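Participant:
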């Protein structure tokens, strides 16, 4: 897995890449609104092209590389998971629904018993 330590951006070039990526995100939003007269096709093309370029610039930075490595580690860990079979999943789901049904009945009966005890016997409101 990735190291649990907090990593900061150290190099000037990496900081510049992150600033450029942020500027490209802002530029994509500006382009979307500036290109309103050219039609929605050009608006979306400008937005998506600049956002795509921002993603590429971010992924080239150290933070982007760390994010990519984290994603690869996560996928590797998910592949190690032993998933239940369909039969096991259905059985466990049935157990959960059964337990919820039993607890709902228990809580309903408890509520009605307390309601009868306090309102009927003690206070005599009903």
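Numbering (our numbering), first residue to last: 159 to 284.
Glycine included, C-beta positions come from ideal geometry on N, C-alpha and C.
Remember, it's a predicted structure, so these values are computed and weren't measured experimentally.
Quick check on DSSP: helix, strand or coil for residue 274?
Facilitator: For the purposes of this step, residue 274 is taken as the residue at position 116 of the chain shown. In this structure, residue 274 counts as helix in the three-state DSSP scheme.
Participant: Curious, which full-length alpha helix (DSSP H) runs of at least 4 residues does the region 180-248 contain?
Facilitator: As far as the region 180-248 is concerned, its whole alpha helix (DSSP H) runs of at least 4 residues are 198-218, 220-238.
Participant: Look up residue 169 in the DSSP assignment and say whether it is helix, strand or coil.
Facilitator: Taking the first residue of the chain shown as 1, we reach residue 169 at position 11. The answer is coil: DSSP assigns residue 169 none of H, G, I, E or B.
Participant: Can you look up residue 283 in the DSSP assignment and give me helix, strand or coil?
Facilitator: Indexing the chain shown from 1 puts residue 283 at position 125. Reduced to three states, the DSSP call for residue 283 is coil.
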